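Visitor: Residue numbers (the numbering used here): 1 to 251. Don't be surprised by glycine CBs; every beta carbon is placed ideally from N, CA and C. Here the structure is a predicted model, which is why all the values come from computation and not from measurement.
1) Please tell me whether residue 242 and residue 224 are closer than 8 angstroms, where the distance is taken between their beta carbons.
2) Which of the three DSSP states, helix, strand or coil, is assigned to residue 139?
3) For residue 223, does the three-state DSSP call read helix, strand or coil?
4) Counting only runs that start and end within the region 157-208, where is the beta strand (DSSP E) found for 3 or more residues in a row?
5) Just verifying my parser: in three-state terms, what is the DSSP assignment at residue 36?
6) For residue 214, which residues does DSSP report across the bridge?
7) Tell me whether residue 54 sits in a helix, a strand or coil according to DSSP, three-state version.
8) Using 10 angstroms around the beta-carbon of residue 164, count the other beta-carbons present and answer buried if the total reaches 16, otherwise exposed.
9) Measuring only the C-alpha atoms, how far is residue 54 from residue 25?
10) Quick one, which of 172, 194, 188 has its alpha-carbon nearest residue 181's?
11) I need the DSSP call for residue 237, collapsed to helix, strand or coil.
12) Shortest alpha-carbon distance to residue 134 belongs to which of 18, 247, 13?
13) Just the C-alpha distance for residue 74 and residue 27, rounded to the nearest angstrom, thanks.
14) How big is the Cα-Cα spacing for residue 35 and residue 41?
15) Figure out for me which residue from 29, 31, 117, 138 has the closest Cα to the Cα of residue 244.
16) Note the first and the last residue of the continuous beta strand (DSSP E) segment covering residue 248.
17) Considering only the alpha carbon of each residue, which of 156, 189, 149 lies closest to residue 208?
18) Could you give the DSSP three-state label for residue 29: helix, strand or coil?
19) Using 8 angstroms for Cβ pairs, my map puts residue 229 next to residue 144. What's the rounded Cβ distance?
See the structure below:
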């Protein structure tokens, strides 16, 4: 019980002690003042004749007032400092550390950054302007197409590949020439005309226009070709070859 009280008293701070002592002093002063006032103002009881005689013989002794003695302020007892008991720390045994063998990191050569090239813009080449009105193409007929003839089959076509009638065409050979007009055999084509060849070489062009020249063309081919469909063994043979000539208007 005393230990517990001592512990509780130790928890009281110095400021609290001062307040408690001040209150005790005030209470003590009030109590003493009240006691003195009661003593001074008390009426003496009426005494008997015998008591009066006794009092008359003995001079009254004045009761001294109690002296107020201040109680010294108790000083706070410092708490004992707790001494920490050292704890036992086990001694660690050094374990050898296994150092891992470093692995070789392959060196990767830096790759050059890809160069982004702008997409090529395709610019169509300008169509060259032809320098002639008619371009010419020449094709030798097969044996079954020819069947032993020796002709120039000439076609003159406009820019939409439609036969053009009334166009003059010239066929020339060494020592001579001939002029013909398309549209004479419209059952074949409005722009068609033909010409029979014999020995020698020939050239063909369109008159009244700027035209390419087809040729030289010759039937003098010393070779025979048989038409398998008809069995004609001289369908293409010496002096018996024919050609298709097309004049195409280009401007």
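Guide: This is what the structure holds:
1) no
2) strand
3) Note: residue 223 maps to coil in three-state DSSP.
4) 168-173, 176-181, 192-196, 202-206
5) helix
6) 204
7) Here the model assigns residue 54 a pLDDT of 46, short of 50, so the residue's position is not dependable and the matter cannot be decided.
8) Answer is buried; the Cβ neighbour count reaches 16.
9) Note that residue 54 scores 46 on pLDDT, short of 50, meaning its location in the model is unreliable; the coordinates nonetheless yield the value given after this. Cα-Cα distance, rounded: 41 angstroms.
10) 194
11) strand
12) 247
13) Caution applies to residue 74, whose pLDDT of 49 falls short of 50 and renders its modelled position unreliable; the value that the coordinates give is listed next. Rounded to the nearest angstrom, the gap between the Cα atoms of residue 74 and residue 27 is 18 angstroms.
14) Their Cα atoms are separated by approximately 10 angstroms.
15) 138
16) Note, residue 248: beta strand (DSSP E), 243-249.
17) That would be 156, whose Cα lies nearest to the Cα of residue 208.
18) In the structure shown, residue 29 sits in a helix (DSSP, three-state: H, G or I).
19) 5 angstroms
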